[in-house]
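Undergrad:
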Amino acid sequence: MAKKDNDQNSQIRCFLCIELDDYLKDEIEEITEKLKPLAPNLKWVSREALHLTLRFCGNISQPTVNMISRELKERLDTSRIDPFTLKLSSIGGFPSLKRPRVLWLGISGDLSPLFKLQLMVEKVCSSFKGVHKDEKPFSPHLTLARVKKPSDVTPTLIDFMANMKVRDISWPVEIFTFMKSDLTPRGAIYTPLVRYKLGGAL
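So the sequence shown is residues 5 to 206, counted in the working numbering.
Okay, here's the thing in structure tokens:
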């Protein structure tokens, strides 16, 4: 009984996201391999960790994970969100390329269904106590690197990125994922908890 109680009370760090196909990761890896030598001290996102975040939930209990998952499945059954296509579009930095805290790849394509999906996910997640509150508006992107110190961002990197052209490679979005994140000294390890097919759960 005690073990069951511990399982119920244990906290799971998790988020909802769109996973990326291998061919897309190949393209992104080509981009980052060009950038890394120009700023080796940045915290570059590994190939395995690449994803498009829909909603970060923070640390929540297993029962909350289960309830969110159940609610998402019910919403998907009635949402009429069909599969859609996204594209890589640009490269930049938050809050600006000159003084970035994050380097990112921008997203274009069928943004209307993407925003509809994210809004549905946001409404479900924000209705549960204990879920991390996200005050920032949704801005779809793929994180390439995080900046620890402003001095790590070299002028050479900024100039290179300012003139860099990103191929508008597209990919179909048919599934999104409830992902567990385990933090380790070597970086986060991601484990899918549930995958949802647009229009209904897998």
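C-beta atoms are modelled at their ideal positions from N, C-alpha and C, and glycine is treated no differently. All values derive from a computational prediction rather than experimental measurement.
Under 8 Å by Cβ, that's how I've got V1 and I64 pegged, so tell me the actual separation to the nearest angstrom.
TA: Any question about residue 1 goes unanswered here, given that the chain covers just 5 to 206.
Undergrad: With DSSP as the reference, identify every bridge partner of C18, one or two as the case may be.
TA: Along the sequence shown, one-based indexing puts residue 18 at 14. Looking at the DSSP output, C18 shares a beta bridge with G62 and K184.
Undergrad: From P3 to V177, what distance separates their C-alpha atoms?
TA: Nothing can be reported for residue 3: it is not among the residues displayed for the chain, which extend from 5 to 206.
Undergrad: Determine, using beta-carbon pairs with one atom in the region 120 to 136 and one in the region 48 to 61, whether at least three such pairs fall under 8 Å.
TA: yes
Undergrad: Round the Cβ separation of W108 and T147 to the nearest angstrom and send it over; I've been treating them as touching at under 8 Å.
TA: Here the question's residue 108 lines up with position 104 in the sequence shown. Here the question's residue 147 lines up with position 143 in the sequence shown. With 8 Å as the limit, W108 and T147 qualify as a contact, their Cβ atoms being about 6 Å apart.
Undergrad: Excluding sequence positions up to five away, which residues of its chain have a Cβ less than 7 Å from the Cβ of I193?
TA: Within the sequence shown, the letter at position 189 stands for residue 193. Cβ within range, chain order: D186.
Undergrad: For C21, I'd like the list of residues in its chain whose CB is within less than 7 Å of its CB, leaving aside the five on either flank, ordered along the chain.
TA: Walking along the sequence shown from the start, residue 21 turns up at place 17. Excluding residues within five positions, the ones whose Cβ falls inside 7 Å are H55, L56, T57, L58, F180, T181 and M183.
Undergrad: For L2, collect the residues of the same chain with a Cβ closer than 7 Å to its Cβ; drop the 5 residues on either side in sequence, then sort them by chain order.
TA: Residue 2 lies beyond the range of the chain shown here (5 to 206); nothing can be said about it.
Undergrad: Considering only the alpha carbon of each residue, which of G97, Q66 and S14 lies closest to A149?
TA: Taking the sequence shown and counting its residues from 1, the one referred to as residue 149 is at position 145. Comparing Cα-Cα distances from A149 to each of G97, Q66 and S14, the minimum goes to G97.
Undergrad: Can I95 and M165 be called in contact, C-beta distance under 8 Å?
TA: Here residue 95 corresponds to residue number 91 of the sequence shown, with the count starting at 1. Here residue 165 corresponds to residue number 161 of the sequence shown, with the count starting at 1. Yes, these two residues count as a Cβ contact at 8 Å.
Undergrad: Can you tell me whether V198 is helix, strand or coil according to DSSP?
TA: Counting from 1 along the sequence shown, the entry for residue 198 is found at position 194. It is a strand residue.
Undergrad: Who does R150 pair with in a DSSP beta bridge?
TA: Here the question's residue 150 lines up with position 146 in the sequence shown. In DSSP, R150 forms a bridge with K47 and V106.
Undergrad: Does DSSP classify H145 as helix, strand or coil?
TA: On the sequence shown, residue 145 is found 141 positions in, with the first residue counted as 1. Strand, per DSSP.
Undergrad: Please state whether DSSP places P189 in a helix, a strand or coil.
TA: Residue mapping note: residue 189 aligns to position 185 of the sequence shown, counting from 1. P189: coil per DSSP, three-state reduction.
Undergrad: If you draw a straight line from the alpha carbon of E34 to that of I162, how long is it in whole angstroms?
TA: One-based indexing of the sequence shown puts residue 34 at position 30. One-based indexing of the sequence shown puts residue 162 at position 158. Their Cα atoms are separated by approximately 18 Å.
Undergrad: Is T2 helix, strand or coil by DSSP?
TA: This structure leaves residue 2 out entirely; the chain is present only between 5 and 206.
Undergrad: Nearest by alpha-carbon distance to F142: which of E31, L115 and K152 is it?
TA: One-based indexing of the sequence shown puts residue 142 at position 138. Of the candidates E31, L115 and K152, the one whose C-alpha sits nearest the C-alpha of F142 is L115.
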